[in-house]
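Novice: I have a structure here, written as structure tokens, and I will follow up with some questions on it.
Number of protein chains: 2
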Amino acid sequence: MVSVQEKLKKLAEEIFKQFKEGEKVKLTLRARGTLKTIVYDQEKDLIKLGEAFSIREFFNLRHVRKFVQTLLVASLAKKLVETGKHASLREVYYQLKHAIPIIKENTFDDQSESDSVIEDLERTLGVIREEMHITADRRGFVYGDVTMRDKIEGTEWNCMKLGRGGWAIPSTIEEIEIVDVNADFVLAVETAAMAERLIEEKVPQKLNCIIVATQGQAARGIRRLLHRFRYEWDLPIYVFTDGDPWGYYIYSVIKRGSMKLSYISEKLATPDAKLIGMTMDDIEKYDLWNVTEKLKPIDEKRAKQLMNYPWFKHPKWQEQFKKMLRWRVRIEQQALASKSLDFVAKKYLPEKIENQDFLP
Amino acid sequence: MVSVQEKLKKLAEEIFKQFKEGEKVKLTLRARGTLKTIVYDQEKDLIKLGEAFSIREFFNLRHVRKFVQTLLVASLAKKLVETGKHASLREVYYQLKHAIPIIKENTFDDQSESDSVIEDLERTLGVIREEMHITADRRGFVYGDVTMRDKIEGTEWNCMKLGRGGWAIPSTIEEIEIVDVNADFVLAVETAAMAERLIEEKVPQKLNCIIVATQGQAARGIRRLLHRFRYEWDLPIYVFTDGDPWGYYIYSVIKRGSMKLSYISEKLATPDAKLIGMTMDDIEKYDLWNVTEKLKPIDEKRAKQLMNYPWFKHPKWQEQFKKMLRWRVRIEQQALASKSLDFVAKKYLPEKIENQDFLP
Numbered sequence: 031m032v033s034v035q036e037k038l039k040k041l042a043e044e045i046f047k048q049f050k051e052g053e054k055v056k057l058t059l060r061a062r063g064t065l066k067t068i069v070y071d072q073e074k075d076l077i078k079l080g081e082a083f084s085i086r087e088f089f090n091l092r093h094v095r096k097f098v099q100t101l102l103v104a105s106l107a108k109k110l111v112e113t114g115k116h117a118s119l120r121e122v123y124y125q126l127k128h129a130i131p132i133i134k135e136n137t138f139d140d141q142s143e144s145d146s147v148i149e150d151l152e153r154t155l156g157v158i159r160e161e162m163h164i165t166a167d168r169r170g171f172v173y174g175d176v177t178m179r180d181k182i183e184g185t186e187w188n189c190m191k192l193g194r195g196g197w198a199i200p201s202t203i204e205e206i207e208i209v210d211v212n213a214d215f216v217l218a219v220e221t222a223a224m225a226e227r228l229i230e231e232k233v234p235q236k237l238n239c240i241i242v243a244t245q246g247q248a249a250r251g252i253r254r255l256l257h258r259f260r261y262e263w264d265l266p267i268y269v270f271t272d273g274d275p276w277g278y279y280i281y282s283v284i285k286r287g288s289m290k291l292s293y294i295s296e297k298l299a300t301p302d303a304k305l306i307g308m309t310m311d312d313i314e315k316y317d318l319w320n321v322t323e324k325l326k327p328i329d330e331k332r333a334k335q336l337m338n339y340p341w342f343k344h345p346k347w348q349e350q351f352k353k354m355l356r357w358r359v360r361i362e363q364q365a366l367a368s369k370s371l372d373f374v375a376k377k378y379l380p381e382k383i384e385n386q387d388f389l390p
Numbered sequence: 031m032v033s034v035q036e037k038l039k040k041l042a043e044e045i046f047k048q049f050k051e052g053e054k055v056k057l058t059l060r061a062r063g064t065l066k067t068i069v070y071d072q073e074k075d076l077i078k079l080g081e082a083f084s085i086r087e088f089f090n091l092r093h094v095r096k097f098v099q100t101l102l103v104a105s106l107a108k109k110l111v112e113t114g115k116h117a118s119l120r121e122v123y124y125q126l127k128h129a130i131p132i133i134k135e136n137t138f139d140d141q142s143e144s145d146s147v148i149e150d151l152e153r154t155l156g157v158i159r160e161e162m163h164i165t166a167d168r169r170g171f172v173y174g175d176v177t178m179r180d181k182i183e184g185t186e187w188n189c190m191k192l193g194r195g196g197w198a199i200p201s202t203i204e205e206i207e208i209v210d211v212n213a214d215f216v217l218a219v220e221t222a223a224m225a226e227r228l229i230e231e232k233v234p235q236k237l238n239c240i241i242v243a244t245q246g247q248a249a250r251g252i253r254r255l256l257h258r259f260r261y262e263w264d265l266p267i268y269v270f271t272d273g274d275p276w277g278y279y280i281y282s283v284i285k286r287g288s289m290k291l292s293y294i295s296e297k298l299a300t301p302d303a304k305l306i307g308m309t310m311d312d313i314e315k316y317d318l319w320n321v322t323e324k325l326k327p328i329d330e331k332r333a334k335q336l337m338n339y340p341w342f343k344h345p346k347w348q349e350q351f352k353k354m355l356r357w358r359v360r361i362e363q364q365a366l367a368s369k370s371l372d373f374v375a376k377k378y379l380p381e382k383i384e385n386q387d388f389l390p
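Top line first, the protein sequences correspond to chains C and F.
Numbers in this note's numbering are just positions in the first sequence, counted from 1, shifted up by 30.
Numbers in this note's numbering are just positions in the second sequence, counted from 1, shifted up by 30.
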């Protein structure tokens, strides 16, 4: 396998060769993921990036800025990997932002510029930014019988022995080794409050599972961790979100990746993850009508958007969206508390798992 | 000391007595904290709630809804404390939301109603919601040589032995015992990315400190934890935020509480906390002009608001705001990366601490 360092070096060598030999100096980059450039791989249930490319020429006034920015980021990435340091997206921006002498033009005016160059490099080199030692925002925590080891610091811990706090998931999850796991499945939970409920009710002990709180949309570190639980430890991943388009999209991103990051779906996504709840059917089955919330126009719009994505065409999903739009309601995880605080732990989750009652 | 249970019981007994003896049935509640009702205690540098009260009568159409809601929440809180369970704000809402028979009126239509009743009870009874086992949103993590113990689960861990992840701070921090601390001070850091930088640069080891990442505005669990580090372990608290009105307000809330929660400032706040940076002076001293960001109108408005709060009247603070408004810039923590990635760890922080160069 070609290392990230070698890939970065090769990129630079090609450019250097073009300059030296008087060729047209240009970078060939893979195009961004949008509804038009992505391909939905139905068989693998993955969102993938199609084979589209864009060219950036050095001797082209419209291209030269992006061209230079790409080389600046590539050079910094090489330095980071070589020195073993990491930099956040924001630090990359600030490290590289400076006025170029004489022409007095800023290398970068805005972080969005460096962010998009980083994504260009990820796509083009086929590496993830974490491999270039560029870190994303961190969020989320783990609670459960997993022993982990930090390869750099050399420390080792068990995520069930940290009280009710749990282990905070860093952005540098690549350098964390999963040493041992004693669990039957992983439950990815949208809200921290629901995760705390399940911890208080001893769900990890009783159902023998690991809880990963995503605290909203799953950060990249969380998605990588879920991916690794699935493929390194063969654990099924069940996702537990609010019953609304936003929750369902959190699930979808964990399961099959996002359009924007479609070029690395295979490293980030977990295609056979299942949604355990909340579903629209739950409202009927558990008579939760009283504690539904009204769909807002923005929820409705988003639900219609999701319905039209090829990866939500499964009849079971279409049915959920149709019910949501017909009833004009959404249902939150914590609405289960209307039954009793421990209803989710004693009845809802065990029943779903027993009957394998999931959405695909 | 009167226990929370007894306080809740006494409240109910009073109401019961009023009903039985045919008195006017009413609740006397402490008024909410606003710029008008709060008092700034300059000597203690604390925002406190003044002695204003509001009355809610049962036989008053305008009051009865809130009256009933207050008793519902008080009754649930008593049950939570008695059973040792916790409920999130959202769960409290869903637990209590139901249609009252015959009149078919909902007890609560919206979570904001139950949230505000919980605050009424906190103010009136002089307890914090955590003592009523009602939990707030959790956020943030700790890294450093602190040994902690979960009083309920009985597990014990050291926050420097969890790799670069660190310990995720739960909302139930009251039940976590701080067993041992080996550090000279606590550094509360606004962004997770900066906290990760400091961990990578081994700042906790080199400067012998504990890092607490707030990840934005400090959640109540974080504020309680900082308060406890200060008062149980006598550690100075240094706060490290972006150099903008939002960062300075994060600092202010950690230091002297917020208007809204002014009734519990003494339990949540840490009045002798200091701001270590980013300051406007830093821009001059370290020549960071190149990496400042332009002040947006909303930043400017907020800066002017803060300048007028009595607790920002210190000449040093007035000077910061004047510079910010004159230069029309703000400066982020991560802008220090423009010097070098380790500048913050090797020069900026050690120099500030050496010279005790803080804002009050």
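Yeah, the Cβ is synthetic: ideal placement off N, Cα and C, and Gly gets one too.
Going by DSSP, what residue range makes up the alpha helix (DSSP H) through A225 (chain C)?
Specialist: Position 195 of the first sequence holds residue 225 (chain C). It spans 222-230 - the alpha helix (DSSP H) in which A225 (chain C) sits, taken as one unbroken run.
Novice: Could you compute how far the alpha carbon of R60 (chain C) sits from the alpha carbon of L79 (chain C)?
Specialist: By 1-based counting over the first sequence, the position of residue 60 (chain C) is 30. By 1-based counting over the first sequence, the position of residue 79 (chain C) is 49. In a straight line, the C-alpha of R60 (chain C) is about 9 Å away from that of L79 (chain C).
Novice: May I ask you to list, following chain order, the residues of the stretch 112-123 of chain C that have a beta carbon less than 7 Å from some beta carbon of chain F?
Specialist: Listed by position, the residues of the stretch 112-123 of chain C near chain F (Cβ gap below 7 Å) are K115, H116, A117, S118, R120, E121.
Novice: Secondary structure at Y281 (chain C), three-state DSSP: helix, strand or coil?
Specialist: Walking along the first sequence from the start, residue 281 (chain C) turns up at place 251. Three-state DSSP puts Y281 (chain C) in a helix.
Novice: Identify whether L298 (chain C) lies in helix, strand or coil by the three-state DSSP scheme.
Specialist: Within the first sequence, numbered from 1, the residue matching residue 298 (chain C) stands at position 268. Three-state result, L298 (chain C): helix.
Novice: What in chain F is Cβ-close to A82 (chain C), meaning under 9 Å?
Specialist: Your numbering for residue 82 (chain C) matches position 52 in the first sequence. Here the premise fails: no neighbours, minimum Cβ distance about 32 Å.
Novice: Can you have a look at L110 (chain C) and say buried or exposed, based on whether 16 or more other CB atoms are within 10 angstroms of its CB?
Specialist: Along the first sequence, one-based indexing puts residue 110 (chain C) at 80. So L110 (chain C) ends up on the buried side.
Novice: Could you confirm whether any beta carbon from chain C is found closer than 9 Å to the beta carbon of R169 (chain F)?
Specialist: One-based indexing of the second sequence puts residue 169 (chain F) at position 139. So yes, R169 (chain F) belongs to the interface.
Novice: Mapping the DSSP letters down to three states, classify E204 (chain F) as helix, strand or coil.
Specialist: The residue labelled residue 204 (chain F) in the question sits at position 174 within the second sequence. The answer is helix: DSSP assigns E204 (chain F) an H, G or I state.
Novice: One question on the structure: do C239 (chain C) and D264 (chain C) come within less than 9 Å of each other, judged by their Cβ atoms?
Specialist: Counting from 1 along the first sequence, the entry for residue 239 (chain C) is found at position 209. Counting from 1 along the first sequence, the entry for residue 264 (chain C) is found at position 234. No, they are not a contact pair.
Novice: Kindly list, in the order they appear in chain F, the residues whose Cβ is closer than 8 Å to that of E183 (chain C).
Specialist: Translated into the one-based positions of the first sequence, residue 183 (chain C) becomes position 153. By Cβ distance, chain F contributes G193, R194.
Novice: Using the C-alpha atoms, what's the distance from M337 (chain C) back to Q348 (chain C)?
Specialist: As a first step, residue 348 (chain C) is located in the first sequence; it is residue number 318 there, counting from the start. As a first step, residue 337 (chain C) is located in the first sequence; it is residue number 307 there, counting from the start. Answer to the nearest angstrom: the Cα atoms are 6 Å apart.
Novice: Return yes when the Cβ of Q386 (chain F) is within less than 9 Å of the Cβ of G307 (chain F), no when it is not.
Specialist: Against the second sequence, residue 307 (chain F) aligns to sequence position 277. Against the second sequence, residue 386 (chain F) aligns to sequence position 356. Not a contact, by the Cβ cut-off of 9 Å.
Novice: Looking at the unbroken beta strand (DSSP E) that takes in F83 (chain F), where does it start and where does it end?
Specialist: For the purposes of this step, residue 83 (chain F) is taken as the residue at position 53 of the second sequence. Element bounds for F83 (chain F): 83-87.
Novice: Taking all protein chains shown into account, decide if W197 (chain F) is buried (16 or more other Cβ within 10 angstroms of its Cβ) or exposed.
Specialist: Along the second sequence, read from residue 1 onward, the residue named residue 197 (chain F) stands at position 167. It is buried - the Cβ of W197 (chain F) has at least 16 other Cβ atoms within 10 Å.
Novice: By the 7 Å beta-carbon criterion, what residues does the stretch 301-325 of chain C contribute toward chain F?
Specialist: Those residues of the stretch 301-325 of chain C that come within reach of chain F (Cβ to Cβ, closer than 7 Å) are N320, V321.
Novice: Compute the Euclidean distance between the alpha carbons of S144 (chain C) and R258 (chain F), then round it to the nearest angstrom.
Specialist: Walking along the first sequence from the start, residue 144 (chain C) turns up at place 114. Walking along the second sequence from the start, residue 258 (chain F) turns up at place 228. C-alpha separation (whole angstroms): 41 Å.
Novice: What are the uninterrupted segments assigned as alpha helix (DSSP H) that are 4 or more residues long and contained completely in the stretch 302-333 of chain C, given in chain order?
Specialist: Whole alpha helix (DSSP H) segments, 4+ residues: 310-315.
Novice: For F388 (chain F), which residues from the same chain have a beta carbon less than 8 Å from its beta carbon, with the 5 sequence-adjacent residues on both sides left out?
Specialist: As a working mapping, residue 388 (chain F) is identified with position 358 in the second sequence. Cβ neighbours of F388 (chain F) beyond the five flanking positions: Y268, K304, L305, I306, K382.
Novice: Tell me, which residues are paired with I45 (chain C) by DSSP?
Specialist: Taking the first sequence and counting its residues from 1, one reaches residue 45 (chain C) at position 15. Partner(s): none; I45 (chain C) has no beta bridge.
Novice: Return yes when the Cβ of R159 (chain C) is within less than 9 Å of the Cβ of I182 (chain F), no when it is not.
Specialist: Position 152 of the second sequence, counted from the start, is the residue given in the question as residue 182 (chain F). Position 129 of the first sequence, counted from the start, is the residue given in the question as residue 159 (chain C). Result no, Cβ atoms of I182 (chain F) and R159 (chain C) do not sit closer than 9 Å.
Novice: My guess is that M230 (chain F) and H116 (chain C) are in contact by the Cβ rule of under 8 Å, so how many angstroms apart are they, rounded?
Specialist: Locating residue 230 (chain F) in the second sequence gives position 200, counting from the first residue. Locating residue 116 (chain C) in the first sequence gives position 86, counting from the first residue. This sequence places Glu at residue 230 (chain F); Met is not what is there. Between H116 (chain C) and E230 (chain F) the Cβ distance is about 6 Å, and since that is below 8 Å, they are a contact.
Novice: Mind pulling the chain C residues with CB within less than 8 Å of D272 (chain F)?
Specialist: Counted from its first residue, the second sequence places residue 272 (chain F) at position 242. Those do not exist, as D272 (chain F) stays about 11 Å from chain C at its closest Cβ, beyond 8 Å.
Novice: Among F:C189, F:Q141, F:R253, F:G287, which residue has its Cα nearest to the Cα of W341 (chain F)?
Specialist: Translated into positions along the second sequence, residue 341 (chain F) becomes position 311. When only C-alpha atoms are compared, the closest one is F:G287.
Novice: If you count every other CB in all the chains shown that lies within 10 Å of the CB of M31 (chain F), and 16 or more means buried, which is it?
Specialist: Here the question's residue 31 (chain F) lines up with position 1 in the second sequence. Looking at its Cβ environment, which holds fewer than 16 other Cβ atoms inside 10 Å, M31 (chain F) is exposed.
Novice: Need the endpoints of the beta strand (DSSP E) that T177 (chain F) sits in, please.
Specialist: Counting from one through the second sequence, the residue named residue 177 (chain F) turns up at place 147. Counting along the chain, the beta strand (DSSP E) containing T177 (chain F) begins and ends at 176-180.
Novice: Listing by chain order, which chain F residues have their CB less than 7 Å from the CB of I199 (chain C)?
Specialist: In the first sequence, counting from the first residue as 1, residue 199 (chain C) sits at position 169. Within chain F, the residues near I199 (chain C) are G195.
Novice: CA-CA distance, I130 (chain C) and I328 (chain F)?
Specialist: Position 100 of the first sequence, counting from 1, holds the residue named residue 130 (chain C). Position 298 of the second sequence, counting from 1, holds the residue named residue 328 (chain F). Near 31 Å, if we compare the C-alpha coordinates of I328 (chain F) and I130 (chain C).
Novice: Can a CB atom of chain C be found closer than 9 Å to the CB of K127 (chain F)?
Specialist: Here residue 127 (chain F) refers to the residue found at position 97 of the second sequence. Chain C contact via Cβ: present.
Novice: Flag this pair as yes or no: are the beta carbons of T177 (chain C) and D210 (chain C) separated by less than 9 Å?
Specialist: For the purposes of this step, residue 177 (chain C) is identified with residue 147 of the first sequence, where counting begins at 1. For the purposes of this step, residue 210 (chain C) is identified with residue 180 of the first sequence, where counting begins at 1. Result yes, Cβ atoms of T177 (chain C) and D210 (chain C) sit closer than 9 Å.
Novice: How would you write the range of the beta strand (DSSP E) that Y293 (chain C) sits in, first residue to last?
Specialist: Your numbering for residue 293 (chain C) matches position 263 in the first sequence. From DSSP, Y293 (chain C) is part of no beta strand (DSSP E); its letter is neither H nor E.
Novice: Less than 9 Å between the C-beta atoms of E207 (chain C) and R179 (chain C), yes or no?
Specialist: As a working note, residue 207 (chain C) is residue 177 in the first sequence. As a working note, residue 179 (chain C) is residue 149 in the first sequence. Taking 9 Å as the Cβ cut-off, E207 (chain C) and R179 (chain C) qualify as a contacting pair.
Novice: Taking only beta carbons into account, state which residues of the stretch 369-380 of chain C come closer than 7 Å to chain F, listed in chain order.
Specialist: Those residues of the stretch 369-380 of chain C that come within reach of chain F (Cβ to Cβ, closer than 7 Å) are L371.
Novice: Which chain C residues sit within Cβ distance under 9 Å of A333 (chain F)?
Specialist: By 1-based counting over the second sequence, the position of residue 333 (chain F) is 303. Chain C residues near A333 (chain F): none, gap ~22 Å exceeds 9 Å.
Novice: Can you say whether E161 (chain F) is buried or exposed, counting buried as having 16 or more other CB atoms within 10 angstroms of its CB?
Specialist: For the purposes of this step, residue 161 (chain F) is taken as residue 131 along the second sequence, with counting starting at 1. Buried is the call here.
Novice: Give me, in chain order, the residues of the same chain whose beta-carbon lies closer than 6 Å to that of R332 (chain C); leave out the 5 immediate sequence neighbours on both sides.
Specialist: Translated into the one-based positions of the first sequence, residue 332 (chain C) becomes position 302. Result list for R332 (chain C): P275, in chain order.
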